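A.B. asks: From first to last, the protein sequence lines are chains A and B.
Each residue of the first sequence is one higher than the last, beginning at 1 in the working numbering.
Each residue of the second sequence is one higher than the last, beginning at 1 in the working numbering.
Just so you know, even glycine gets a beta-carbon here, dropped at the ideal spot from N, CA and C.
Predicted model, so just to flag it, every value in this text is computed and none were measured.
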Amino acid sequence: MLHIVNKSPLERNSLAACLRIAGSGTILLIEDAVYGAIRGTTVEAAVKEALVRFRIVALQPDLDARAVADRVIEGVGTVDYAGFVDLVAEHRNCQSWL
Amino acid sequence: MTEGTAKKFMFVNRTAPYGTAYALESLEVVLISAAFDQDVSLVFIDDGVFQLKKGQQTKGIETKNFSPTYRALEGYDVEKLYVDQESLVARGLTEADLIVDVTVLPSRELGALMDEQDVVLSF
Numbered sequence: 001m002l003h004i005v006n007k008s009p010l011e012r013n014s015l016a017a018c019l020r021i022a023g024s025g026t027i028l029l030i031e032d033a034v035y036g037a038i039r040g041t042t043v044e045a046a047v048k049e050a051l052v053r054f055r056i057v058a059l060q061p062d063l064d065a066r067a068v069a070d071r072v073i074e075g076v077g078t079v080d081y082a083g084f085v086d087l088v089a090e091h092r093n094c095q096s097w098l
Numbered sequence: 001m002t003e004g005t006a007k008k009f010m011f012v013n014r015t016a017p018y019g020t021a022y023a024l025e026s027l028e029v030v031l032i033s034a035a036f037d038q039d040v041s042l043v044f045i046d047d048g049v050f051q052l053k054k055g056q057q058t059k060g061i062e063t064k065n066f067s068p069t070y071r072a073l074e075g076y077d078v079e080k081l082y083v084d085q086e087s088l089v090a091r092g093l094t095e096a097d098l099i100v101d102v103t104v105l106p107s108r109e110l111g112a113l114m115d116e117q118d119v120v121l122s123f
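1) Scan the stretch 18-82 of chain B and note each continuous alpha helix (DSSP H) run of 4 residues or more that stays entirely inside, going in chain order.
2) Which class does Arg-39(A) belong to by DSSP, given the choice of helix, strand or coil?
3) Just tell me which of Asp-70(A), Glu-31(A) and Arg-20(A) has its CA closest to the CA of Ile-4(A).
4) Please identify, using Cβ separations under 7 Å, the residues of the stretch 50-64 of chain A that lie next to chain B, in order along the chain.
5) Do three or more CB pairs link the stretch 13-26 of chain A to the stretch 36-50 of chain A at distances below 8 Å?
6) By alpha-carbon positions, which one of Lys-8(B), Leu-121(B), Met-10(B) and Glu-25(B) ends up nearest to Ala-16(B)?
7) Rounded to whole angstroms, what is the Cα-Cα separation between Ala-6(B) and Arg-71(A)?
8) Using the three-state DSSP reduction, which class does Thr-78(A) fall into: helix, strand or coil?
9) Give the interface partners of Gly-128(B) over in chain A, defined as CB-CB distance under 7 Å, in chain order.
10) How would you list, in chain order, the residues of chain A whose beta-carbon sits under 9 Å from the beta-carbon of Arg-71(B)?
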């Protein structure tokens, strides 16, 4: 299953809820959720730990817009908009953690 | 007669009832999907569990109290209501505080149910 998160994990619990409920799959971080993909935050440890069970990717244009593309956590991938579409097509279903 | 085309729809509710319109909107879509004989389940996570709190009195905020609708869902063959145990506990609630009978599940079991769905809609 593809899990899409679009809220900053430093402000909202969407990513935390996703990590608690979901057991495996792919997590795509978009919009303000890309702050969860970077080093040095209070959620970095949780994200690194989640890499064991999930494939985690962040949307490159959102990283670029926020000037944080140079500090993506090792193991977290990036995709462009076409890659976003591919992810949706690759998975049987998806859940948006609003 | 529509069994062959029924899909598994899950409605994920993560917001409290009156601060935003999400809870009411979710209920409306739930009833629509039920009318189309789909296999519908509802999940309540995080503040979504407050939607099911017994004893809501909305006269003072001049808003429609839609909580009795959860009790009517059975009449539309919507009987799969799941609540995240951790979310309940975190809010000082127990099953006895809820307006309807639900199945309380550990988080990961809810996740496994979510994986099985054809369509997942978030509110």
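C.D. replies: The short version:
1) The stretch 18-82 of chain B contains, as complete alpha helix (DSSP H) runs of 4+ residues, the segments 22-35 and 68-72 (chain order).
2) Here residue 39(A) refers to the residue found at position 39 when the first sequence is read from its first residue. DSSP places Arg-39(A) in coil when its eight states are reduced to three.
3) What you label residue 4(A) is simply residue 4 of the first sequence in a count that begins at 1. Cα-wise, what sits closest to Ile-4(A) is Glu-31(A).
4) Contact annotation: in the stretch 50-64 of chain A, no residue has its CB less than 7 Å from a CB in chain B.
5) Judged by Cβ distances under 8 Å, the stretch 13-26 of chain A makes contact with the stretch 36-50 of chain A, as three or more pairs qualify.
6) Looking up residue 16(B) in the second sequence gives position 16. Distance from the Cα of Ala-16(B) is smallest, within the candidate group Lys-8(B), Leu-121(B), Met-10(B) and Glu-25(B), for Glu-25(B).
7) For this step, residue 6(B) is matched to residue 6 along the second sequence. For this step, residue 71(A) is matched to residue 71 along the first sequence. So the two alpha carbons sit approximately 45 Å from each other.
8) Counting from one through the first sequence, the residue named residue 78(A) turns up at place 78. If DSSP states are grouped into helix, strand and coil, Thr-78(A) belongs with the strands.
9) This structure leaves residue 128(B) out entirely; chain B is present only between 1 and 123.
10) Residue 71(B) sits at position 71 when you count from the first residue of the second sequence. Against chain A, the beta carbon of Arg-71(B) has no neighbour under 9 Å; the closest one sits roughly 26 Å away.
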